[in-house]
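Working notes, beginning with the structure itself.
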């Protein structure tokens, strides 16, 4: 019986699942965003978030623990040098899953999983917000356009008079 055993086995043996999640985590660290199925993305989120939390404390032991899970020197270096600096003040929730629809071949539910602090599009929306403009009614806009040519006409008449 599997009472209280909640993680998704993804139809794989334990060694295959661990290798797949380690490879997906390395790809996510290197590319900052990957496309996969929703089930794999949810499993990857549970796999990588504790590793990112561990990377905030840059000690030899934490590097060894992360390397034992990832098995990729480049990914561990990038995680500790770049990513941990960028997410230092974030208390959790380092990844975001955005669903993209179903795959054509087998109708599997697809999504992309990304590191939250590395999406420039989402960051621009929050930081660079346009200045709000007040809305004018159509009557005021029509009156303003009629008044503008009258002002120009008086200025041209003054120039001709000089």
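Residue numbers (our numbering): 10 to 171.
No residue lacks a Cβ here, since even glycine has one placed at the ideal position from N, Cα and C.
Remember, predicted model here, so these are calculated numbers, not experimental data.
Determine which residues share a DSSP beta bridge with residue 89 and list them.
Residue pairing for residue 89: DSSP places it in no beta bridge.
Would you list the one or two residues that DSSP bridges to residue 108?
In DSSP, residue 108 forms a bridge with 120.
Grab me the residues of residue 50's own chain with a C-beta within less than 6 Å of its C-beta, minus the 5 sequence neighbours each way, in chain order.
Only 106, 120, 122 meet the Cβ criterion.
Cα separation between residue 54 and residue 142?
Here the C-alpha atom of residue 54 lies approximately 41 Å from the C-alpha atom of residue 142.
Exposure of residue 45, with buried meaning 16 or more beta-carbon neighbours within 10 Å:
Per the 10 Å Cβ criterion, buried.
How many whole angstroms separate the CB atoms of residue 79 and residue 31, which I take to be in contact at a CB cut-off of 8 Å?
Contact holds; Cβ gap of about 5 Å.
Could you give the first and the last residue of the continuous beta strand (DSSP E) run that contains residue 72?
Looking at the DSSP string, residue 72 is not in any beta strand (DSSP E); the run it does join, the alpha helix (DSSP H), is 69-79.
Here's the rule I'm using: 16 or more other beta-carbon atoms within 10 Å means buried, otherwise exposed. How should residue 56 be labelled?
By the 10 Å Cβ count, residue 56 comes out buried.
Decide if residue 15 is buried, meaning its Cβ has at least 16 other Cβ atoms within 10 Å, or exposed.
When all chains shown are included, residue 15 counts as exposed.
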